[in-house]
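Notes follow once the structure below has been shown.
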Amino acid sequence: MKPVRFDDAETYEPDEGWRRVAMAGSDQFSFEWFEKPPGHSSPMHDHENEQVCLCLEGELTVATEDDEVTLEPNDSVFLESNETHRVENTGDERAVGLDVFAPGRSFDFWTERDE
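Each residue of the sequence shown is one higher than the one before, counting from 1255 in the numbering used here.
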C-alpha cells in the first residue's frame, strides 16, 4: 500500500488559480485532482493517455474538435487516447475535478511540452 496525503502530494500550478495535485497512482493509471477559477480553460491539447474527467464541484465544459459537453457535479466524460480537447470552467464559481489517466502520467506532460 502507498498512501498519498493530499497536503503532501506533488502539486503543479500552471496558471493562477489552476492547480493540479497528483494523487495515488502508478505507471498503469494516475489520478490528478484539479481546480480552475471561473473562465479558465486549458489549451487545446492531446496526449497518449486515455482520460476520464469527473466534475466534483462547479461546472466544467469539455470540448473536442467535434463536440462539447458541460459537466455538473458527479458527471464525467471519457476521452480517447490522442483525442484533442480542452477543459474550461464555464461557471461563475471555482470548479473542482478529478482526472484519471491510463497509462499513468506525471506533470512532465505540462512542464516539458511544446506550446
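Even for Gly, the Cβ is constructed at its ideal location relative to N, Cα and C.
Quick caveat, the model's predicted, so the values are computed rather than measured.
Alpha-carbon spacing of residue i relative to residue j, whole angstroms
| i | j | result |
| --- | --- | --- |
| T1324 | R1340 | 12 Å |
| T1315 | N1343 | 6 Å |
| P1297 | V1258 | 28 Å |
| H1301 | N1336 | 5 Å |
| D1320 | D1262 | 38 Å |
| F1285 | R1273 | 14 Å |
| E1334 | D1269 | 25 Å |
| R1359 | F1283 | 7 Å |
| M1255 | W1287 | 20 Å |
| E1322 | L1308 | 15 Å |
| E1347 | H1299 | 24 Å |
| G1271 | V1350 | 11 Å |
| A1317 | F1260 | 28 Å |
| T1338 | D1329 | 20 Å |
| P1357 | E1267 | 22 Å |
Cβ neighbour criterion (16 or more within 10 Å) applied to residue i
| i | result |
| --- | --- |
| F1355 | buried |
| S1280 | exposed |
| E1289 | buried |
| Q1305 | buried |
| D1353 | buried |
CB contact flag (residue i, residue j, <9 Å)
| i | j | result |
| --- | --- | --- |
| E1311 | P1327 | yes |
| T1265 | A1276 | yes |
| E1313 | G1293 | no |
DSSP beta-bridge partners of residue i
| i | result |
| --- | --- |
| V1275 | T1265, W1287 |
| H1339 | H1299, T1318 |
| L1333 | Q1305 |
| V1323 | V1316 |
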